[in-house]
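Colleague: First the structure, which I've put down as structure tokens, then a few questions once you've had a look.
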């Protein structure tokens, strides 16, 4: 494909995408396919000869879209949403076109430099303590990881390295057998998985009535483990758990971690972004105690995937664990005398895309106010949905609604709610994912898609009520 | 930005990208900026109010392009190149627009299903043994990781888990203290880093005169370590080392790994792709012995970043190490009775983009022949460059030229060649990165950009000769 063809087909794809968004409400969000559907629709082998753009495009609807779950649909209310926006898409096109690898300053100076600035911009928007910013001139700073999973894995590996260095009287394996990490039983699976991959024990601690991890619970666990000769070294705290968007009590947990010389990592993947609104800044109160803090702009700041923003107070903890020095990476004018971070030493992978470029497009084209407005709109819509739920006395709210997610259920047992969840998704007009906390199965209504309106909220509620009617009637019939 | 504006600005960006490619030869590949240049050019804080697309675009040249190292320039010959192509860019636009998260089948059926098919297509193109393909109906299969770094880290963690399970008489830490991984001293840093992050010892073994790791070297190391009571468990073999594109002797190494019950992972990030050409298939001869094998379509198969293809013979080794079961991920019609892989259990991260979609665009729009032609063209151009080097008796070739990279140097010491490397890059007309193997410093000429022509090769050589002339003259002058 030459550049003239790229102009034509690229423009065609831009219009296909615009049409897709314009007509998203006319598609059911949930596909109706069985496992193995796609293999029957395409050849068993790659084509020998080149096919045309039109050949591929012809199959888009019949092969691909047929089996897509439409995460950008205003009728998609599952999981935690993924942010996306047109400014991000346009920035991303340029990221792809430049196709650079920014593992060191010299390998693409603009990328490292813009990342440093964007991480400071974002940090200021969140009103993070100065010490997390490059502009403070201290040891802190930010880095774009790809996902919150990468961020917490980087944190726990760095914390593990620090602990091993602090216990020179033991072999690494002996230390490892004694290290204990903590998180709440409500925390995202990535924290548990990071511990599993780092080969350290993790304890999933119980939470209070608001699904929040409290200081006294952590303190008791630490005391118990220390009495067994174990070494508490890491807390994975949550700002916005996956299930109920609960917020751990950072102001209680932080001082305990400080006292115990433990690394406190905060996973604020979704909810952390709310802190750009002054009235919601409280969600990260206590961040000043953390060793590292992460949120995903690809979750609620309209940067599309993948973009996880991670800040640390002391970048040396990271670089000591993640540096590997080899000659072909040393082609750096100022090696050993650099003020710019060599980001390859802040992460798992050597290679890294120019992600800061799309962050720059988003922050400029929305402006801080624009991003605040979007978050406030989502919170308002969630509150609207909560009001609808509260207006139907067959239903109840499961967790306090503070941000863009509503956890609710039919009054009744788990079986009833599992059946409701199944019926709603089988119906296919709206997509919800259920969850379970403290043994209670419930449904979740998530607001994150950029073009969702109040009418989409009432539409979803009407579908849910309709399915609840049918379910409850069928139960009455079965009982009579 | 509404959809009408997206049509306008998206089209504008398509044309900006086309213009960029059309005029790439008129840009110097290497930027001329000092560390910290960018912070001086942009505000200290994110804008409060939204700015227009035109505002952002106005800054593209003055802020961003000013500091970009142009990896897509036909005068860029550094590192190992990154593939890119217009079909990949167009596919990527749709990936971004759909903005899905394909961690399980149900979270986007089309994504998982297409990935299964694309990994089989690619595997067939490489003539991989059947047992690596899903279509065999066995335990093998492929997955798209993001980078070769992820692939080798996944492999070493899975191997470590397997070893720990095999030594139930010891604690995980005790086993860990005894595990030994091996790789060659020429291997990519990601193998060494993976061992560091997995907290296992790694030995960097010496290579033969062709920079290739040989069986007897590995066998001797294993014997030595076993005599110390250590547990050899993993070999990170290279098909195409970073420095000289050397290929380890898989047919010697493989049987040793089999006999010793060691995991053999092959990192074929760049060179592995050559195997789609029958006459170059030899580069992966011995792949049948491997437990896992990886190559990056984003390096030489014209899929832009990030796309690392990884195959395993037994996917259970991976999923046993990488599964974390939590309720909110169980919303799967066929949970526990599924034929499709839940790819979240094959990798570090929970989240994953719909990368197979751009692979599908590329494989169809190039066709197997088109991709073979590109690889053959790059090999031919590298041979042309080698001929030019051999025609100038001040220079010598450092390593056998089989693929798209030429390692060469001035006859003379490391200091002379360091100076030549510095002068070429300071000159800025072409970009090369040097390397060092067996103590010898040399330059590398890499061919990977899709639109490079024979005239670009002769141009680069003329710049190199010109700088060599100046350098050698200045030395004569200094001596006289």
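Protein chains in written order, with my numbering: chain A, 1 to 480; chain B, 1 to 480. In this text, a Cβ means the ideal position worked out from N, Cα and C, and glycines have one as well. In this text the structure is predicted, and so the values were computed from the model without any measurement.
Quick check: the region 453–465 of chain B against the region 377–388 of chain B, are there 3 or more CB pairs under 8 Å?
Modeller: Yes, the region 453–465 of chain B is in contact with the region 377–388 of chain B.
Colleague: Is there at least one Cβ from chain B nearer than 9 Å to residue 198 of chain A's Cβ?
Modeller: Chain B, which has a Cβ nearer than 9 Å to the Cβ of residue 198 of chain A, makes this yes.
Colleague: In terms of alpha-carbon separation, which member of A:22, A:153 and A:245 lies closest to residue 200 of chain A?
Modeller: Per the Cα distances, A:153.
Colleague: Do the region 103–110 of chain A and the region 32–48 of chain B touch if we need at least three Cβ pairs shorter than 8 Å?
Modeller: The region 103–110 of chain A is in contact with the region 32–48 of chain B.
Colleague: Within 9 Å (strictly less), CB to CB, does residue 402 of chain B reach chain A?
Modeller: Answer no: the Cβ-Cβ gap between residue 402 of chain B and chain A never drops below 9 Å.
Colleague: Please list, in chain order, the chain B residues whose beta carbon lies closer than 7 Å to that of residue 193 of chain A.
Modeller: Chain B residues near residue 193 of chain A: 324.
Colleague: With residue 443 of chain A as the anchor, note down where its beta strand (DSSP E) starts and where it stops.
Modeller: Run containing residue 443 of chain A: 440–446, per the beta strand (DSSP E) assignment.
Colleague: List the whole-angstrom C-beta distance separating residue 258 of chain B from residue 289 of chain B, where the pair is believed to meet the contact cut-off of C-beta under 8 Å.
Modeller: About 6 Å; that satisfies the 8 Å criterion.
Colleague: Short of 7 Å in beta carbon distance, which residues of its chain neighbour residue 12 of chain A, apart from the five on each side in sequence? Order them along the chain.
Modeller: Correct list: empty, nothing qualifies.
Colleague: Could you give the distance in angstroms between the alpha-carbon of residue 384 of chain A and the alpha-carbon of residue 323 of chain B?
Modeller: Going by the C-alpha atoms only, they are around 37 Å apart.
Colleague: Should the region 388–407 of chain B be called in touch with the region 132–150 of chain B, which here means at least 3 C-beta pairs below 8 Å?
Modeller: No, because fewer than three Cβ pairs between the region 388–407 of chain B and the region 132–150 of chain B fall closer than 8 Å, the two stretches do not touch.
Colleague: Return the CA-CA distance between residue 9 of chain A and residue 2 of chain A, expressed in angstroms with no decimal places.
Modeller: For residue 9 of chain A and residue 2 of chain A, the distance between alpha carbons rounds to 10 Å.
Colleague: Can you tell which of A:95, A:214 and A:280 has the C-alpha that lies nearest to the C-alpha of residue 253 of chain A?
Modeller: Of A:95, A:214 and A:280, the residue nearest in Cα terms is A:214.
Colleague: Quick one: does residue 188 of chain B have its CB under 9 Å from some CB of chain A?
Modeller: Closer than 9 Å to some Cβ of chain A, the Cβ of residue 188 of chain B qualifies, so yes.
Colleague: Between the region 207–231 of chain A and chain B, which residues of the former have CB atoms less than 9 Å from a CB of the latter, in chain order?
Modeller: So the list is empty, because no residue satisfies the distance condition.
Colleague: Which residues, taken in chain order from the region 30–56 of chain A, show a beta carbon closer than 8 Å to some beta carbon of chain B?
Modeller: Per Cβ criterion, the list reads 31, 33, 35, 36, 37, 38, 39, 42, 44, 45, 46, 47, 48, 49, 50, 51, 52, 53, 55 and 56.
Colleague: How about residue 293 of chain A and residue 262 of chain A: are their beta carbons less than 9 Å apart?
Modeller: No, Cβ-Cβ distance for residue 293 of chain A and residue 262 of chain A is not below 9 Å.
Colleague: Looking only at C-alpha atoms, which of B:230, B:273 and B:403 sits nearest to residue 163 of chain B?
Modeller: Among B:230, B:273 and B:403, the Cα nearest to that of residue 163 of chain B is on B:230.
Colleague: Step through the CB atoms of chain B and report whether any lies within less than 9 Å of the CB of residue 77 of chain A.
Modeller: It does not; no Cβ of chain B falls within 9 Å.
Colleague: By the criterion of Cβ-Cβ separation under 7 Å, what are the contact partners of residue 3 of chain B in chain A?
Modeller: Those within 7 Å of residue 3 of chain B in chain A are 18, 21 and 22.
Colleague: If you check the beta carbons only, do residue 217 of chain A and residue 202 of chain A fall under 9 Å apart?
Modeller: For residue 217 of chain A and residue 202 of chain A, no; Cβs fall outside 9 Å.
Colleague: Is residue 434 of chain A helix, strand or coil when you go by DSSP?
Modeller: Strand at residue 434 of chain A.
Colleague: Using only alpha-carbon positions, find the residue among A:225, A:212, A:276 and A:66 that is nearest to residue 376 of chain A.
Modeller: Checking every option, the nearest Cα to that of residue 376 of chain A belongs to A:276.
Colleague: When you compare only the Cα positions, how much space is there between residue 336 of chain B and residue 189 of chain A?
Modeller: Because residue 336 of chain B sits at a pLDDT of 44, beneath the cut-off of 50, its placement in the model cannot be relied upon, and the point is left open.
Colleague: Does the Cβ-Cβ distance between residue 302 of chain A and residue 381 of chain A come in under 9 Å?
Modeller: No.
Colleague: Any C-beta of chain B sitting closer than 9 Å to the C-beta of residue 410 of chain A?
Modeller: No, no contact with chain B.
Colleague: Strictly under 9 Å for the Cβ-Cβ distance: is residue 487 of chain A near chain B by that measure?
Modeller: Residue 487 of chain A lies beyond the residue range present for chain A, which begins at 1 and ends at 480; the question has no answer from this structure.
Colleague: Helix, strand or coil: which one does DSSP assign to residue 196 of chain A?
Modeller: Here residue 196 of chain A sits in helix by DSSP.
Colleague: In terms of residues, what are the limits of the alpha helix (DSSP H) holding residue 462 of chain B?
Modeller: Its alpha helix (DSSP H) spans residues 454–479.
Colleague: Near residue 368 of chain B, what residues of its chain come up, given a Cβ to Cβ distance below 8 Å and the 5 sequence neighbours on each side ignored?
Modeller: Correct list, in chain order: 125 and 276.
Colleague: Run through DSSP, which three-state label would residue 349 of chain A get?
Modeller: Here residue 349 of chain A sits in coil by DSSP.
Colleague: Between residue 246 of chain B and chain A, is there a C-beta pair that is closer than 9 Å?
Modeller: Not one chain A Cβ lies under 9 Å of residue 246 of chain B.
Colleague: For residue 263 of chain B, which beta-bridge partners are listed by DSSP?
Modeller: The partner list for residue 263 of chain B (beta bridge, DSSP) reads B:234.
Colleague: Would you say residue 363 of chain A and residue 71 of chain A are within 9 Å of each other, going by their C-beta atoms?
Modeller: No. Outside cutoff.
Colleague: Got a sec, what are the start and stop residues for the beta strand (DSSP E) residue 408 of chain B sits in?
Modeller: Residues 405–410.
Colleague: What residues from chain A crowd round residue 234 of chain B, counting only those whose CB sits closer than 8 Å?
Modeller: The contacting residues do not exist; residue 234 of chain B stays about 15 Å from chain A at best.
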